[in-house]
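Novice:
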Amino acid sequence: MNEKIETLKQEISQYAVTNTDELEQYRLRFISRKNVIGDLFSEMKTVAAEERKAMGVRLNDLKNSAQDKFKELIASLEDQQNGQPDDVPDLTLPPIPDSLGSIHPLTQIQNRVVEIFEQMGFNVAEGPEIETDWHNFTALNFPPNHPAREMQDTFFIEKNPDIVLRTHTSSVQVRLMESEKPPIRAIMPGRVYRNEAISARAHCVFHQVEGLYVDRNVSFADLKQTLLHFAKELFGAETKIRLRPSYFPFTEPSAELDIWWGTETEADRRVTKGTGWLEIGGCGMVDPNVLENCGIDSEEFTGFAFGMGFERIAMIKYQIKDLRLFTENDVRFLKQFRAFN
Ligand code: PHE
């Protein structure tokens, strides 16, 4: 009996567990209702009466130490599991970087353009993409059946030729002049539509920003200086611009806005068709007819307006060769704009 107690004592003190199964084995052997120590208590009746008391004390000790050990084993198992890296992150490791999206290049251009003009005191104005003929054409000095309407391949709503998808954001200029008194100084970024076949250089949906400044004594020199400042802010301090005579029904005089690109490399000559200049938009002095159509006295006020395409600007700034990339949502393309702002 003494020997058995001694052996079990040894066994208990050396017991170690690494998982819950082993812990369960221990429990069955030493703690459960029919455990080995219990068996020894049953054997007590075979012990001589004078030794029985001492034996009882020893057996009780054994039972207590088995229970203490059980608590110890549970605690040690918990420790082992807590220590496993799967359960508790190692807080000393450098963080795993979040996979952030990137801002679409057109949005980046728009944000920057808005920022530059806001610094010059321009507000941002918006208007609907589905427009009336009046706002898109008539008020802008395109009389009905005027050949200038052909300049912009328009999407019409079949049942109602008075409703069009706006072909330019000049329609927002009309809305602004109709609803506000000069001085008006605003830019209108937005999506526009033209019925063109989609290719590397043309799309039926694209984005523009137009600008309008109407006040007393606004001159062509103001227009040129505004555009020059804008171009330098966007493309760099060395940027040069050129205004080339042109025609728009809503401005008089009108000009195309070119920026200097250079003729150094073969590619430079190709994109600029040998001239070194790249066209990015149109501009001019608001035609007095347009001011009058919008309820502004053209004797008292003058204004300038300009418009340019975001796709065109983004293609120049980031050297993108195909317009279709902007709308394909190919992450390999978009990912490259993560570093820009
Ligand atoms: N609305 C013209 C276009 O889309 C651009 C423009 C705006 C030209 C303002 C002159 C003045 O082609």
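For the sequence shown, the numbering used here assigns the number 1066 to the initial residue and increments by one for each residue that follows.
Using N, Cα and C, we set each Cβ at its ideal position, and we do this for glycine too.
Remember, predicted model here, so these are calculated numbers, not experimental data.
First and last residue of the alpha helix (DSSP H) that includes Trp-1326?
Specialist: Start at 1 with the first residue of the sequence shown, and residue 1326 comes out as number 261. Counting along the chain, Trp-1326 falls outside any alpha helix (DSSP H), and DSSP gives it neither H nor E.
Novice: Would Arg-1335 and Thr-1328 qualify as a contact pair, given that the criterion is a beta-carbon distance under 7 angstroms?
Specialist: In the sequence shown, residue 1335 corresponds to position 270, counting from 1. In the sequence shown, residue 1328 corresponds to position 263, counting from 1. Contact flag unset, no.
Novice: Using DSSP with H/G/I as helix, E/B as strand and the rest coil, what is Ser-1407?
Specialist: Outside the modelled stretch of the chain, which goes from 1066 to 1406, sits residue 1407, for which no answer is possible.
Novice: What would DSSP say about Glu-1137, mapped onto helix, strand or coil?
Specialist: To locate residue 1137, count along the sequence shown from 1; it is residue 72. Reduced to three states, the DSSP call for Glu-1137 is helix.
Novice: Counting along the chain, where does the beta strand (DSSP E) carrying Leu-1158 start and finish?
Specialist: Against the sequence shown, residue 1158 aligns to sequence position 93. It is not in any beta strand (DSSP E) - Leu-1158 carries neither H nor E in the DSSP assignment.
Novice: Pull up the CB-CB distance for Gly-1339 and Glu-1321, whole angstroms please, since I reckon it's below 8 angstroms.
Specialist: Position 274 of the sequence shown, counting from 1, holds the residue named residue 1339. Position 256 of the sequence shown, counting from 1, holds the residue named residue 1321. Gly-1339 to Glu-1321, Cβ: 17 angstroms. No contact.
Novice: Give the range of the beta strand (DSSP E) segment to which Pro-1254 is assigned.
Specialist: As a working mapping, residue 1254 is identified with position 189 in the sequence shown. Here the beta strand (DSSP E) through Pro-1254 covers 1249–1258.
Novice: Phe-1221: buried (16+ other C-beta within 10 angstroms of its C-beta) or exposed?
Specialist: Position 156 of the sequence shown, counted from the start, is the residue given in the question as residue 1221. Looking at its Cβ environment, which holds fewer than 16 other Cβ atoms inside 10 Å, Phe-1221 is exposed.
Novice: Under 8 angstroms by Cβ, that's how I've got Gly-1192 and Met-1253 pegged, so tell me the actual separation to the nearest angstrom.
Specialist: Counting from 1 along the sequence shown, the entry for residue 1192 is found at position 127. Counting from 1 along the sequence shown, the entry for residue 1253 is found at position 188. About 7 angstroms; that satisfies the 8 angstroms criterion.
Novice: To which residues does DSSP link Ile-1222 through a beta bridge?
Specialist: In the sequence shown, residue 1222 corresponds to position 157, counting from 1. DSSP output for Ile-1222 lists Asn-1225 as bridge partner(s).
Novice: Pick out whichever of Asp-1218, Arg-1259, His-1169 has its Cα sitting closest to the Cα of Leu-1399.
Specialist: Indexing the sequence shown from 1 puts residue 1399 at position 334. Ranking the options by Cα distance to Leu-1399, first place goes to His-1169.
Novice: Using 8 angstroms for Cβ pairs, my map puts Trp-1326 next to Gly-1341. What's the rounded Cβ distance?
Specialist: Looking up residue 1326 in the sequence shown gives position 261. Looking up residue 1341 in the sequence shown gives position 276. Trp-1326 to Gly-1341, Cβ: 6 angstroms. Contact.
Novice: Taking Cβ to Cβ, would you say Phe-1207 is nearer than 7 angstroms to Pro-1318?
Specialist: Taking the sequence shown and counting its residues from 1, one reaches residue 1207 at position 142. Taking the sequence shown and counting its residues from 1, one reaches residue 1318 at position 253. No, they are not a contact pair.
Novice: Confirm the yes/no value for this check: CB of Ile-1262, any heavy atom of the ligand PHE, distance under 6 angstroms.
Specialist: As a position in the sequence shown, residue 1262 is number 197, starting the count at 1. In the sequence under discussion, the amino acid at residue 1262 is Ala, which differs from the Ile named in the question. Checking every heavy atom of the ligand PHE against the Cβ of Ala-1262, none is found closer than 6 angstroms.
Novice: Are Gly-1301 and Phe-1371 close, meaning C-beta to C-beta below 7 angstroms?
Specialist: Along the sequence shown, one-based indexing puts residue 1301 at 236. Along the sequence shown, one-based indexing puts residue 1371 at 306. No.
Novice: Looking at the strands, I want to know which residues DSSP matches up with Thr-1367.
Specialist: Your numbering for residue 1367 matches position 302 in the sequence shown. Answer by DSSP bridge pairing, in chain order: Asp-1280.
Novice: What residue ranges within the segment 1162–1209 form continuous alpha helix (DSSP H) runs of no fewer than 4 residues, ordered along the chain?
Specialist: Complete alpha helix (DSSP H) runs here, min 4: 1170–1184, 1198–1201.
Novice: Quick one: residues in its chain with C-beta nearer than 8 angstroms to the C-beta of Phe-1402, no 5 flanking neighbours on either side, listed in chain order?
Specialist: For the purposes of this step, residue 1402 is taken as residue 337 along the sequence shown, with counting starting at 1. Cβ within range, chain order: Ser-1167, Ile-1168, His-1169, Pro-1170, Gln-1173, Tyr-1383.
Novice: Let me make sure I understand the geometry here. Which of Thr-1111, Glu-1068, Phe-1295, Ser-1363 has the alpha-carbon closest to that of Gly-1186?
Specialist: Locating residue 1186 in the sequence shown gives position 121, where the first residue counts as 1. The residue with the shortest Cα to Cα distance from Gly-1186 is Phe-1295.
Novice: Figure out for me which residue from Glu-1223, Ile-1181, Val-1237, Asp-1227 has the closest Cα to the Cα of Asn-1210.
Specialist: For this step, residue 1210 is matched to residue 145 along the sequence shown. The candidate whose alpha carbon is nearest that of Asn-1210 is Asp-1227.
Novice: Helix, strand or coil for Phe-1402 per DSSP?
Specialist: Working through the sequence shown from its first residue, we reach residue 1402 at position 337. Reduced to three states, the DSSP call for Phe-1402 is helix.
Novice: I'd like to know if Arg-1256 contacts chain B, where contact means its C-beta is closer than 7 angstroms to some C-beta of that chain.
Specialist: Looking for chain B here will not work: only one protein chain is present.
Novice: Kindly list the residues whose CB is nearer than 7 angstroms to the CB of Ser-1236, restricted to its own chain and excluding five residues on each side of it in sequence; keep chain order.
Specialist: In the sequence shown, residue 1236 corresponds to position 171, counting from 1. For Ser-1236, where only same-chain residues beyond five positions count, the Cβ hits under 7 angstroms are Gly-1192, Glu-1196, His-1200, Asn-1201.
Novice: Rounded to whole angstroms, how far is the Cβ of Glu-1194 from the Cβ of Arg-1240, which I believe are closer than 8 angstroms?
Specialist: What you label residue 1194 is simply residue 129 of the sequence shown in a count that begins at 1. What you label residue 1240 is simply residue 175 of the sequence shown in a count that begins at 1. Wrong, their Cβ atoms sit about 13 angstroms apart, outside the cutoff.
Novice: Specify the secondary structure class of Leu-1343 as computed by DSSP and reduced to three states.
Specialist: Translated into positions along the sequence shown, residue 1343 becomes position 278. Strand.
Novice: Using a Cβ-based criterion (distance less than 6 angstroms to any ligand heavy atom), does Phe-1371 qualify as near the ligand PHE?
Specialist: For the purposes of this step, residue 1371 is taken as the residue at position 306 of the sequence shown. Yes.
Novice: Is any heavy atom in the ligand PHE found nearer than 6 angstroms to the beta carbon of Cys-1359?
Specialist: Looking up residue 1359 in the sequence shown gives position 294. No.
Novice: Starting from the Cα of Ile-1077, find the closest Cα among Thr-1304, Val-1189, Phe-1135 and give me that residue.
Specialist: As a position in the sequence shown, residue 1077 is number 12, starting the count at 1. Answer by Cα proximity: Phe-1135.
Novice: Does the separation of the CB atoms of Gln-1217 and Thr-1203 fall below 7 angstroms?
Specialist: Along the sequence shown, read from residue 1 onward, the residue named residue 1217 stands at position 152. Along the sequence shown, read from residue 1 onward, the residue named residue 1203 stands at position 138. No; because the gap between Cβ atoms is not below 7 angstroms, this pair is not in contact.
Novice: In angstroms with no decimal places, state the Cα-to-Cα distance between Leu-1388 and Ser-1264.
Specialist: Translated into positions along the sequence shown, residue 1388 becomes position 323. Translated into positions along the sequence shown, residue 1264 becomes position 199. Approximately 7 angstroms between the Cα atoms of the pair.
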